[in-house]
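Visitor: Got a structure for you, questions after.
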Amino acid sequence: MKLSGTILYALAAVFQSSGASGAATLAPFYMKAQGFAVGWVGIPLVINGLGRVGSDLLSGYLATYVNPATLLIVATSIGLAFSILGILFREWMPVFLSVWMVFGLTEAMIALSLRKIAFDLSPPERQGRIQGQVASALGIGFTLGPALGGVVGAWWGPELLFLFYAAHQAVTLSLVFLSGGHRAGKPTITERVSLWHEGRRLLSLPPFAAACLAIFQSFLFLTGVTRVAFPFLAVSRGLTLYMVGTMVSLSRLTDTWGRFSGGWLCDRFGTARVIAGGILIGIPMFILELYGAGFGGLLVPLCFMTMGFGFTNVGSTTFALQVAGQKTKAIGLALARASTSFGQMLGPLLAGLLVQELGYSGGFWGMGLISLVVLIGVTYGLKGAASTGREDQS
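Residue numbering for the sequence shown follows the working numbering, starting at 8 and increasing by one per position.
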């Protein structure tokens, strides 16, 4: 039985994100095994985040002129090559950290290319659904990766992180070629476009800026809550680390469900409503989390919260692409992805600071209030956009 190109593309996204998230799970443990203090073990992830931000903008600019399928092949090949370099020289810390910077560059380029190709190949009435499917595939990988990385680390040690990454990249590259992905997609335009000028113009559009703010908020608290605030809260309530890990994995599944169903809702009710609805769902969950007790009492608010993040994620990405217009579509996607990367990078820092300074109660109330302010700003920015979600695509 021959698998369709769409299924192969989805599998490629799953393998790529699984390898990235699994290796990221092992990286702090590898750093600790090398003798670094706990305060320094997250350095590779910070460097990886910086690489992502730079790559988001660069990839969007390149995708304006170059076939995004070409970028996808190049990025995956570079990631595979540098993971092999990491295997050979992992004990030399400058090489180790440099490889993580390159991983950030290639991972962001791959995610942007997949979304751009999917948007180019989807009819207008299915843009939300297709973006939801891409986001869901990436979400499944991010759910499976930490568990697989944990198994590898437990059985063979964290020093196999680069081999783990290389194996996933090799499978990803094979699936892209099998799907015919190297022939898919198209450059946005052929004439020269100023990244700085067009980026400023897009950000001056209230609907586009609102979409970027919304996706920033969703990843700010998706990472902040699931990586810092919730695990420490749950442990303080007497739960074991194994139970906490299980709960976080389940919450990533509901985030993935939010991405998938959110794409369908965008096509049916409009992206603006899905974006605002996703933020609105999460606000009371910050407060309900404080009153949860036991496994179920803490898990249910967390799952509803991450489902809302999934709605906002796919809605904001689709909306940004629709608003950007044909000539600046790739740059618009780059700015939306950069908002994602900034949120991922700053989320754990903000959540940790709020909990440290205000305690669990004040920290979760603070995150809820910040989300409320964002909701007001996003609603105002989206005001006037077409309620059907068929924004100007000229």
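Glycine is no exception: its CB is placed at the ideal position from the N, C-alpha and C atoms.
Since this is a predicted model, take the numbers as computed values, not measurements.
1. May I ask you to report which of helix, strand or coil DSSP gives Asn74?
2. For the alpha helix (DSSP H) that Phe239 lies in, which residues bound it at each end?
3. Can you look up Ser105 in the DSSP assignment and give me helix, strand or coil?
4. Closest to Trp107 by CA distance: which of Arg344, Leu87, Gly303 is it?
5. Hey, out of Gly373, Ala283, Ile14, whose CA is closest to Gly317's CA?
6. Using CA coordinates, which residue listed in Tyr249, Val232, Leu272, Phe326 is at the minimum distance from Ile294?
7. Buried or exposed: which applies to Thr395, given that a residue is buried once 16 or more other Cβ atoms fall within 10 Å of its Cβ?
8. Can you confirm whether the stretch 302-312 touches the stretch 22-36 when touching is taken to mean that 3 or more C-beta pairs between the two stretches lie within less than 8 Å?
9. Helix, strand or coil for Tyr16, going by three-state DSSP, please let me know.
10. Compare the Cα-Cα distances from Arg133 to each of Arg275, Asn55, Ala217, Ser66 and report the closest residue.
11. Quick one: what's got a C-beta closer than 7 Å to Gln140's C-beta in the same chain, skipping five residues either side?
12. Please determine if the stretch 318-338 and the stretch 216-223 are in contact, where contact requires at least 3 C-beta pairs separated by less than 8 Å.
13. Relative to the C-alpha of Glu296, which residue among Ala331, Ala343, Tyr249, Phe239 is closest?
14. Using 10 angstroms around the beta-carbon of Tyr298, count the other beta-carbons present and answer buried if the total reaches 16, otherwise exposed.
15. Flag this pair as yes or no: are the beta carbons of Arg259 and Thr179 separated by less than 8 Å?
16. Check whether the Cβ atoms of Ala115 and Arg59 sit closer than 8 Å, and answer yes or no.
17. Would you kindly work out how many angstroms separate the C-alpha atoms of Gly146 and Leu365, rounded to a whole number?
18. Would you mind stating whether Val381 and Ile288 have Cβ atoms separated by less than 8 Å?
19. Here's the rule I'm using: 16 or more other beta-carbon atoms within 10 Å means buried, otherwise exposed. How should Ala27 be labelled?
20. Considering only their Cβ atoms, is the gap separating Leu112 from Gly67 smaller than 8 Å?
21. So, using beta-carbon positions, are Ala82 and Ile124 closer together than 8 Å?
22. Tell me whether Arg133 sits in a helix, a strand or coil according to DSSP, three-state version.
23. Taking 8 Å as the cut-off, decide whether the C-beta atoms of Met314 and Thr247 are in contact.
24. Taking buried to mean at least 16 other C-beta atoms within 10 Å of its own C-beta, is Pro130 buried or exposed?
Guide: Answer, in terms of the structure:
1. Counting from 1 along the sequence shown, the entry for residue 74 is found at position 67. Of the three classes helix, strand and coil, the one that applies to Asn74 here is coil, per DSSP.
2. Start at 1 with the first residue of the sequence shown, and residue 239 comes out as number 232. 237-243 is the extent of the alpha helix (DSSP H) around Phe239.
3. Translated into the one-based positions of the sequence shown, residue 105 becomes position 98. Note: Ser105 maps to helix in three-state DSSP.
4. Translated into the one-based positions of the sequence shown, residue 107 becomes position 100. When only C-alpha atoms are compared, the closest one is Leu87.
5. The residue you call residue 317 lines up with position 310 of the sequence shown. Checked all of Gly373, Ala283, Ile14; the closest Cα to Gly317 is Ala283.
6. On the sequence shown, residue 294 is found 287 positions in, with the first residue counted as 1. The candidate whose alpha carbon is nearest that of Ile294 is Val232.
7. Within the sequence shown, numbered from 1, the residue matching residue 395 stands at position 388. Note on Thr395: pLDDT 36, under 50, position unreliable in the model; the coordinate value appears next. The residue in question, Thr395, is exposed, as its Cβ has fewer than 16 Cβ neighbours within 10 Å.
8. Touching, no.
9. Locating residue 16 in the sequence shown gives position 9, where the first residue counts as 1. Here Tyr16 carries a helix assignment [DSSP, helix/strand/coil].
10. Along the sequence shown, one-based indexing puts residue 133 at 126. Arg133 has its Cα closest to that of Arg275, out of Arg275, Asn55, Ala217, Ser66.
11. Counting from one through the sequence shown, the residue named residue 140 turns up at place 133. Only Ala17, Phe267, Gly270 meet the Cβ criterion.
12. yes
13. Counting from one through the sequence shown, the residue named residue 296 turns up at place 289. Ranking the options by Cα distance to Glu296, first place goes to Phe239.
14. As a first step, residue 298 must be located in the sequence shown, where it is residue number 291. Result: exposed.
15. As a first step, residue 259 must be located in the sequence shown, where it is residue number 252. As a first step, residue 179 must be located in the sequence shown, where it is residue number 172. Taking 8 Å as the Cβ cut-off, Arg259 and Thr179 do not qualify as a contacting pair.
16. Taking the first residue of the sequence shown as position 1, residue 115 is located at position 108. Taking the first residue of the sequence shown as position 1, residue 59 is located at position 52. Yes, the Cβ-Cβ distance between Ala115 and Arg59 is below 8 Å.
17. In the sequence shown, counting from the first residue as 1, residue 146 sits at position 139. In the sequence shown, counting from the first residue as 1, residue 365 sits at position 358. Distance between the alpha carbons of Gly146 and Leu365: 31 Å.
18. Here the question's residue 381 lines up with position 374 in the sequence shown. Here the question's residue 288 lines up with position 281 in the sequence shown. Result no, Cβ atoms of Val381 and Ile288 do not sit closer than 8 Å.
19. For this step, residue 27 is matched to residue 20 along the sequence shown. Sixteen is the threshold: when 16 or more other Cβ atoms of the shown chains lie within 10 Å of the Cβ of Ala27, as they do, the residue is buried.
20. In the sequence shown, residue 67 corresponds to position 60, counting from 1. In the sequence shown, residue 112 corresponds to position 105, counting from 1. Result no, Cβ atoms of Gly67 and Leu112 do not sit closer than 8 Å.
21. Here residue 82 corresponds to residue number 75 of the sequence shown, with the count starting at 1. Here residue 124 corresponds to residue number 117 of the sequence shown, with the count starting at 1. Against a cut-off of 8 Å, the Cβ pair of Ile124 and Ala82 comes out as no contact.
22. Reading the sequence shown from its first residue, position 126 is the one you call residue 133. Arg133 falls in the helix class under three-state DSSP.
23. Along the sequence shown, read from residue 1 onward, the residue named residue 314 stands at position 307. Along the sequence shown, read from residue 1 onward, the residue named residue 247 stands at position 240. No. Outside cutoff.
24. Residue 130 sits at position 123 when you count from the first residue of the sequence shown. Answer is exposed; the Cβ neighbour count stays below 16.
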